[in-house]
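Student: Below are the structure tokens for one structure; questions will follow.
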Amino acid sequence: RGPRVSLDLKATVTLVNVGSVGQSRDRDPRAVYAMYDDQDQAVELRRVDYDMAATRRKILESDLPDLLAERLGAADAERGVLDEPEEVAE
């Protein structure tokens, strides 16, 4: 679970970034989504692990730029996860 933020929605417009997968800007590569509690008027960010090595492998096998796979690998290395994807034959 992530931080819980209370919101005052009575007089203002509030924009909440509800999530990201893989290219987060906070250096945490897990998928993130938001849960809104309308009674408490609070937003809670939740993190979800996923198989990043498999995701990197699929990126390398696709027409996507290799840089996208490298970014996921760098984020994993920062977290101490060192499972590198298998080499992809060219």
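In the numbering used here, the protein residues as written are 302 to 391.
C-beta: ideal position from N, C-alpha, C; glycine also.
Owing to the predicted nature of the structure, the values given are computational and were not obtained by experimental measurement.
1. Beta-carbon within less than 6 angstroms of A370's beta-carbon, same chain only, minus the 5 sequence neighbours each way: which residues are those?
2. Which residues mark the beginning and the end of the beta strand (DSSP E) in which L361 is found?
3. What is the DSSP secondary structure of D329, counted as helix, strand or coil?
4. Here's the rule: buried if 16 or more other CB atoms are within 10 angstroms of the residue's CB, otherwise exposed. What is V319?
5. Do R331 and D352 come within 8 angstroms of each other at the CB atom, strictly closer than that value?
Tutor: Taking the geometry as given:
1. Hits under 6 angstroms: R357, I360 and L361.
2. Going by DSSP, L361 is part of no beta strand (DSSP E) but of the alpha helix (DSSP H) stretching over M353 to E362.
3. In the structure shown, D329 falls within a coil segment according to DSSP collapsed to helix, strand and coil.
4. Exposed, by the Cβ-count rule.
5. In this structure, R331 does not lie closer than 8 angstroms to D352 by Cβ.
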